[in-house]
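Accompanying notes for the structure given below.
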Amino acid sequence: MTNPLLADWKTSFGLPPFADISDEDFAPGFEAALTEARAELAAIIENSDPPTFANTIDALELMGEGLHKVLSPFYTLAGVDSNPAREALQREFSPKLAAWGSEVSMNPHLFARVDALWQDRDNLDLTAEQLRVLELTRRNLVRAGAQLEGFAFDRLKQVKERLAVLGTRFTQNLLADERAWYMELDAVDLEGLPDFVLATAKAAAEEQGAEGHVVTLSRSLIVPFLQFSSRRDLRERAYEAWTSRGANGGETDNRAIATEILTLREERAHLLGYDDFATYKLETEMAKTPDAVRKLLMEVWEPARAQADLDAQSLAAMMHNDGVNDALEPWDWRYYSEKRRAAEHDLDEAELKPYLQLDRMIEAAFDCATRLFGLEFKPLDVKLHHPDARAWEVTRNGEHIAVFIGDYFARGGKRSGAWCSALRSQQKLRGDIRPHVINVCNFAKPAKGSPALLSYDDARTLFHEFGHALHQMLSNVTYESISGTSVARDFVELPSQLFEHWLEVPEVLQKYATHAKTGKPMPADMLQRMLDAANYDQGFSTVEYVASAMVDIEFHTGDAPEDPMAMQAEILESMGMPPAIRMRHATPHFAHVFAGDGYSSAYYSYMWSEVMDADAFAAFEEAGGAFHEATARKLEDHILSVGGLRDADVLYTEFRGRLPGVDALLKGRGLDNVA
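Structure follows, in structure tokens:
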């Protein structure tokens, strides 16, 4: 029987034929596709003709289509619906893919051809896009080690392969800890939990094969449990389990893995001639240097910590009024903060959530994209990777633009968090290839027949990931290597964080925040109170984020720590970390940083992009409103459609006319007037 991964896909829009693919298809498909890719590489580097842009750069861009066809569905499934077979395949594939990556990126013959083109670039009559692709291709080869020789060359290949193995192990250990833990709740343990939390806890029990209600480590369940459970002992137990993921001893403990990863990254940087990994990593980012990152983080840290300290005093007083004569602890913060929010803003999340239906929030995101960019969304009846997933065709003026897929609900085999990826990226070199884009979230799945309800933070996450999707879907370049989100890491979050602002536009919520039972719109006073509370508890959220970002940058600056946990504690103490707040991602479960290199030395990028997104939305407000047509066109023309065509600071300046300062960020978070 023909392996479906290696066959021509006759599916709608060329989507992967998930219904025909079995786990047994991946290993032979991978080996066959890898062999084909190696033959394609050999054809490039063994070509006896002088290097041309077509026979070298174009050929390199076109190489590996078969490998992508295998790995795109595989890594989608591994992320959203993992199982032991897929996890074993990940462990098998990761060192092989790292070795293949080195075969390409460290190939001296390939570098010689690319470098010859670069040296002769002024005589090649290249388009601006071709020149950019040539520049980035050469730069990436240099940074990958293509110019190294001897021991350094061989050792760097070994380091990369080991890092790939360790990143996979880190991810799988974290997933194993998240799957393994749950806390059963007796009837007396349900005190204070609103109906929506009880429903989620009951559904979680059914998934675990348990009776009654359970709390799991899914963020969509544990956060509301910490907000509403009046049982301080259970909050502590749940919180400690949540924050100790990856640090429980045994086979799934990530602490030694983190140590080795940091040591190998330092060695990698030294082999390439850099002082440390952060200096290497930031060279191609907007920030450029660790000092620039620290400067931004500390500008935000001081007012955030001051606000958090003030808030902690208020919360501690509330706790003492409850008769708890103890220090405010991290497992107390969300509980008393929720009570304070209800008192100060007259907001009860149990009353709020019925107005934030998942389906209506999806409609809201689509409608904003229609009004801003003229996109239309039509549901598709296609076989996808999981029954929970759904798809839409995206068109503009009748022209096919993309396929958008949403996979929104938490489940046992799904990696935690939320993300956007492309099953297929936009390009024109191989033909008019339109993207297949997927948003993955971990919202609580409702009981059968009931609507899925979101918190305001959940709705913000939905808009955030859809902003990434727009960056992919509106891409309009020739070369896949600069398509969509292929931009500097500290620029990639701009479109996503910018799109969050449209959730706060009153006219959007007036139309789409409708009650799940009555269908009536959210009362005007409730809507205003919700928007007024949008910046509530920003001291807490900013402190826990900045602490994580600072630990990340310090881990990668200077010598790698012999004991990352001890260094983490030292960094937090030197910053004056409030005792009732912990960093958002402690080292053993800091997947952004240790599951791969993507956000290593770059977790700060969310805040770097936030400086821009606050300023970018102000451009709409200054021009006349959130849906100002000419400003939306500038956003698409200069940022969303051009991918990595130019450096990020150039793209932003083309859109806005200047680069922003931190003031808009502080104002947006309500931290601009902290005493």
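Numbering-wise (the working numbering), the sequence shown opens with residue -7 and increments by one. By construction, the Cβ of each residue, glycine as well, lies at the ideal position given by its N, Cα and C atoms.
If you reduce the DSSP assignment to three classes, tell me which class residue i lands in.
| i | result |
| --- | --- |
| K345 | helix |
| G398 | strand |
| A34 | helix |
| T623 | helix |
| N165 | helix |
| E565 | helix |
| R416 | strand |
| I393 | strand |
| V484 | helix |
| R130 | helix |
| Y471 | coil |
| Y231 | helix |
| T255 | helix |
| M559 | helix |
| E57 | helix |
| I13 | coil |
| W384 | strand |
| M575 | coil |
| H205 | strand |
| W411 | strand |
| L7 | coil |
| L69 | helix |
| L102 | helix |
| S445 | Checking the sequence shown, residue 445 turns out to be Leu, not Ser. Residue state, collapsed to three classes: strand. |
| P76 | helix |
| P438 | coil |
Looking only at its chain, what residues have a beta carbon closer than 7 Å to the beta carbon of residue i, apart from the 5 residues adjacent to it on each side?
| i | result |
| --- | --- |
| A618 | W494, V497 and F612 |
| V206 | Y174, M175, E176, L177, A193, A196, A197 and Q200 |
| H60 | none |
| K331 | M310 |
Considering just the uninterrupted stretch of the beta strand (DSSP E) at residue i, what are its terminal residues?
| i | result |
| --- | --- |
| N434 | H428 to F435 |
| F369 | E368 to L372 |
| M175 | Y174 to L177 |
Distance check for residue j and residue i, CA to CA, integer angstroms please.
| i | j | result |
| --- | --- | --- |
| H463 | R286 | 28 Å |
| G616 | F269 | 44 Å |
| E243 | H581 | 14 Å |
| S413 | D73 | 15 Å |
| F586 | I253 | 7 Å |
| Y668 | R576 | Beyond the ends of the chain as shown, which are -7 and 667, falls residue 668; an answer cannot be given. |
| E153 | P87 | 5 Å |
| D303 | S221 | 20 Å |
| Y598 | D482 | 7 Å |
| D529 | A300 | 8 Å |
| S633 | W293 | 34 Å |
| G170 | P438 | The displayed chain sequence assigns Glu, not Gly, to residue 170. Each residue's Cα considered, the two are about 20 Å apart. |
| S210 | A334 | 24 Å |
| L289 | S601 | 12 Å |
| G588 | M559 | 21 Å |
| E84 | G71 | 16 Å |
| C433 | D629 | 28 Å |
| G550 | D373 | 53 Å |
| K503 | T362 | 15 Å |
| W411 | E457 | 6 Å |
So the alpha helix (DSSP H) residue i belongs to, where does it begin and stop?
| i | result |
| --- | --- |
| E614 | S597 to A615 |
| E499 | P498 to Y504 |
| V543 | Q530 to F547 |
| F365 | L350 to F365 |
| K194 | D187 to Q200 |
| H378 | Taken as a continuous stretch (DSSP letters only), H378 belongs to no alpha helix (DSSP H), as it is neither H nor E. |
| E291 | P282 to N313 |
Identify, in the order they occur along the chain, each residue of the same chain with its Cβ nearer than 8 Å to the Cβ of residue i, setting aside the five sequence neighbours on each side.
| i | result |
| --- | --- |
| A202 | Y174 and E176 |
| D41 | N47 |
| T281 | T271 and L274 |
| R131 | T276 |
| D50 | L421 |
| D674 | The first residue shown for the chain is -7 and the last is 667, placing residue 674 beyond what the model contains. |
| V654 | L288, E291, V292 and V603 |
My understanding is that residue i touches residue j, with C-beta atoms under 8 Å, so please give their C-beta distance in whole angstroms.
| i | j | result |
| --- | --- | --- |
| L54 | L637 | With a Cβ gap of about 19 Å, L54 and L637 do not count as contacting. |
| R407 | Q418 | With a Cβ gap of about 25 Å, R407 and Q418 do not count as contacting. |
| P322 | A572 | 6 Å |
| L81 | F162 | With a Cβ gap of about 17 Å, L81 and F162 do not count as contacting. |
| Y448 | M514 | Contact flag wrong, Cβ pair sits at about 11 Å. |
| R326 | L218 | 4 Å |
Who are the Cβ neighbours of residue i in its own chain at under 6 Å, not counting the five residues just before and after it?
| i | result |
| --- | --- |
| G21 | N(-5), L(-3), L(-2) and V62 |
| D12 | P(-4) |
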